[in-house]
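Chains as they are written, first to last, in my numbering: chain F, 22 to 182; chain Z, 432 to 692.
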Amino acid sequence: MRTDHPLWHAKHIVRMGLLLLLGVTVMIVVRSLLVPDTWGQYGWYRGANVEEQRDHPLQHGGDASCAGCHPEQEATHAAGAHAAVRCELCHAPVALHAKDDAYFAAMPVRRTAALCVSCHQRLAARPADFPQIRPQEHVAEMGGEYGPEACFDCHDPHAPL
Amino acid sequence: MNDATGTRDGLDDATRREFLKRLAVAGAAASFGAIGLILPESAGALATSDYDWTRHRWVYLIDTRKCIGCGACVRACRVENDVPDGMYRTWVERYHIPAGGEAAVDSPDGGAGGFLPVAGAAEPGKAFFVPKICNHCEQTPCTQVCPVGASYSTRDGVVLVDAERCIGCGYCVQACPYGSRYLDPRTHTAEKCTWCYHRLVKGRSTACVGICPTAARMIGDRENPDDPINEILATQRILVLQPELLTKPQCFYLGLDMEVR
Numbered sequence: 022m023r024t025d026h027p028l029w030h031a032k033h034i035v036r037m038g039l040l041l042l043l044g045v046t047v048m049i050v051v052r053s054l055l056v057p058d059t060w061g062q063y064g065w066y067r068g069a070n071v072e073e074q075r076d077h078p079l080q081h082g083g084d085a086s087c088a089g090c091h092p093e094q095e096a097t098h099a100a101g102a103h104a105a106v107r108c109e110l111c112h113a114p115v116a117l118h119a120k121d122d123a124y125f126a127a128m129p130v131r132r133t134a135a136l137c138v139s140c141h142q143r144l145a146a147r148p149a150d151f152p153q154i155r156p157q158e159h160v161a162e163m164g165g166e167y168g169p170e171a172c173f174d175c176h177d178p179h180a181p182l
Numbered sequence: 432m433n434d435a436t437g438t439r440d441g442l443d444d445a446t447r448r449e450f451l452k453r454l455a456v457a458g459a460a461a462s463f464g465a466i467g468l469i470l471p472e473s474a475g476a477l478a479t480s481d482y483d484w485t486r487h488r489w490v491y492l493i494d495t496r497k498c499i500g501c502g503a504c505v506r507a508c509r510v511e512n513d514v515p516d517g518m519y520r521t522w523v524e525r526y527h528i529p530a531g532g533e534a535a536v537d538s539p540d541g542g543a544g545g546f547l548p549v550a551g552a553a554e555p556g557k558a559f560f561v562p563k564i565c566n567h568c569e570q571t572p573c574t575q576v577c578p579v580g581a582s583y584s585t586r587d588g589v590v591l592v593d594a595e596r597c598i599g600c601g602y603c604v605q606a607c608p609y610g611s612r613y614l615d616p617r618t619h620t621a622e623k624c625t626w627c628y629h630r631l632v633k634g635r636s637t638a639c640v641g642i643c644p645t646a647a648r649m650i651g652d653r654e655n656p657d658d659p660i661n662e663i664l665a666t667q668r669i670l671v672l673q674p675e676l677l678t679k680p681q682c683f684y685l686g687l688d689m690e691v692r
């Protein structure tokens, strides 16, 4: 081809085009390897993660999961002043204690005055109509001696009043 | 191509032209393919369970006047979601505001162990507890800054983090104006409240709402007209934290004081 031919520069364009194509191809290949399968399924994130989040195991089972094995405590509790307090609040999540409706580990014991005062210590920030005491004063008034077990001399935590 | 010799390398003009044409078509197809890969597919409901996320819209409600600051929610969340010590997906703050004075705020261990009386403190003009949690904003500053698409909002209004994608840059932790996110020291990825998404989709309440002894916390479904939360949101005076930021929090408050940020 003569250098003054109108198509003399065409081959540069073809080479550039080929390079561009190569670049695009490489990008597509690399991208298909790096981008997760479910990316963009629902939006700009990995769609499979939604299902992964949902599969997370439950720890708290609610009072119903306790009543099956502990009907007596459940009955006492339901009739007492702590009926609105869930079992797992004072005890621990049922998943630490039973699996597939069968016992596998003891519940941690937190039967101390510290647990009681976490709700009933008189605090300025607490709603005024919530039952509160100054524990040392209250126990002294009742003629007791304040200690970790003091509350349980008079109160059954399942039905305190 | 118009060379006197006709062919240089064994290809005649027709074949060459044909080859280039095919190459162009293939290139165009590949480009369109790439666009197809980049654009999200049109979305539908998740098919894997009977929970249809297009039929739910979760909102949260906190009545600060009911909170007794026992910390049961913080403890429940910690176990339910395996939250490491020193990190909080929900926490309880105590405000002491003397008449005409400056607010004092404390939250020892996020309130997990409850609160003790403030030693030597004068009787405050007002004092109250404020439970805090991720607001699951509709306009999320946190997901917007994520450089790898690890954080996102679900169709039913929950802001989540994909730990597999997260690179732990901490940008979202800084972007959240409510301090709701943390970097998990074990995985070095961002973590946050999920509104116990694993419980919601199974028809359960969140761990914090379920454990609260005074019903200071509520979670509800805006798409369910029978949900009691809708009655409250429609008839009570509600507030959100830092409304001036226009993040549209989906966690609403009753009895909030203007000192609370």
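All residues carry an ideal CB built from backbone N, CA and C; glycine is no exception.
Rounded straight-line distance, which links the Cα of residue j to that of residue i
i         : j         : result
Gly89(F)  : Arg509(Z) : 26 Å
Ala647(Z) : Thr585(Z) : 25 Å
Ile499(Z) : Ala146(F) : 8 Å
Glu72(F)  : Trp626(Z) : 15 Å
Met518(Z) : Leu39(F)  : 54 Å
Leu547(Z) : Ala535(Z) : 15 Å
Thr438(Z) : Thr24(F)  : Low local confidence applies: a pLDDT of 43 at Thr438(Z) is under 50, so the model's placement there is unreliable, with the coordinate-based value given in what follows. Their backbone Cα atoms lie some 18 Å apart in a straight line.
Arg683(Z) : Cys565(Z) : As written in the sequence, residue 683(Z) is Phe, which differs from the Arg given in the question. Phe683(Z) and Cys565(Z): Cα-Cα distance of roughly 11 Å.
Val56(F)  : Ile598(Z) : 15 Å
Glu162(F) : Thr495(Z) : 32 Å
Tyr628(Z) : Gly502(Z) : 21 Å
Pro92(F)  : His103(F) : 16 Å
Arg67(F)  : Leu677(Z) : 27 Å
Pro572(Z) : Gly588(Z) : 15 Å
Pro148(F) : Lys497(Z) : 7 Å
Ile466(Z) : Val45(F)  : Low confidence applies to Ile466(Z): its pLDDT is 46, below 50, so where it sits in the model is not reliable enough to give any reading.
Gln605(Z) : Arg525(Z) : 23 Å
Ala476(Z) : Arg75(F)  : Residue placement at Ala476(Z) is poorly supported in this model, since its pLDDT is 46, which falls under 50; the coordinates still yield a value, given next. Approximately 14 Å, taken between the alpha carbons.
Ala134(F) : Val160(F) : 11 Å
Leu664(Z) : Ala550(Z) : 38 Å
Pro529(Z) : Gly556(Z) : 4 Å
Pro152(F) : Val632(Z) : 36 Å
Gly464(Z) : Val47(F)  : Bear in mind that the predicted position of Gly464(Z) carries a pLDDT of just 49, short of 50, making it unreliable; the figure below should be weighed with that in mind. When rounded, the distance between both Cα atoms is 13 Å.
Arg506(Z) : Val490(Z) : 22 Å
Leu182(F) : Trp60(F)  : 57 Å
Pro539(Z) : Val50(F)  : 52 Å
Thr574(Z) : Arg653(Z) : 22 Å
Ala644(Z) : Leu110(F) : The sequence given here has Pro at residue 644(Z), not Ala. The alpha-carbon atoms of Pro644(Z) and Leu110(F) are separated by roughly 8 Å.
Pro578(Z) : His98(F)  : 51 Å
Ile34(F)  : Glu449(Z) : 17 Å
Simplified DSSP state of residue i, which is helix, strand or coil
i         : result
Cys498(Z) : coil
Ile598(Z) : coil
Thr521(Z) : strand
Pro471(Z) : Residue placement at Pro471(Z) cannot be trusted, given a pLDDT of 40 that sits under 50; what the coordinates show is reported in the next sentence. Residue state, collapsed to three classes: coil.
Trp60(F)  : strand
Ala31(F)  : helix
Ala180(F) : strand
Tyr583(Z) : strand
Arg67(F)  : strand
Ala102(F) : coil
Gly541(Z) : helix
Arg36(F)  : helix
Asp652(Z) : strand
Ile669(Z) : coil
Met48(F)  : helix
Phe173(F) : helix
Assumed close pair residue i, residue j - CB separation to whole angstroms, cut-off 8 Å
i         : j         : result
Glu595(Z) : Asn70(F)  : 7 Å
Val691(Z) : Val561(Z) : 5 Å
Leu687(Z) : Tyr609(Z) : Going by Cβ atoms, the distance from Leu687(Z) to Tyr609(Z) rounds to 13 Å, so no, they are not a contact pair.
Tyr167(F) : Pro156(F) : 6 Å
Bridge-paired residues (DSSP) for residue i
i         : result
Tyr526(Z) : Val536(Z), Phe559(Z)
Lys183(F) : The structure shown has nothing for residue 183(F), since chain F only spans 22 to 182.
Phe683(Z) : Leu492(Z)
Gln142(F) : Ile154(F)
Tyr482(Z) : Tyr482(Z) is not bridged to any residue.
Tyr613(Z) : Glu622(Z)
Val590(Z) : Ser584(Z)
Ile564(Z) : Thr521(Z)
Neighbour-count burial assignment, residue i, 16 or more Cβ in a 10 Å radius
i         : result
Lys623(Z) : buried
Thr410(Z) : A question about residue 410(Z) goes unanswered here, because the residues of chain Z that appear run from 432 up to 692.
Trp65(F)  : exposed
Ser473(Z) : Reliability of the predicted coordinates at Ser473(Z) is poor, the pLDDT of 40 falling under 50, and no value is obtained from them.
Val592(Z) : buried
Ser611(Z) : buried
Arg520(Z) : buried
Thr637(Z) : buried
Leu107(F) : A small correction: the amino acid at residue 107(F) is Arg; Leu does not occupy that position in the sequence shown. Buried, since its Cβ has 16 or more Cβ neighbours within 10 Å.
Arg453(Z) : exposed
Leu28(F)  : exposed
Cys504(Z) : buried
Check: residue i C-beta below 7 Å from any heavy atom of the ligand FMN
i         : result
Gly634(Z) : In the structure on display, the ligand FMN does not appear, and there are no ligands present to speak of.
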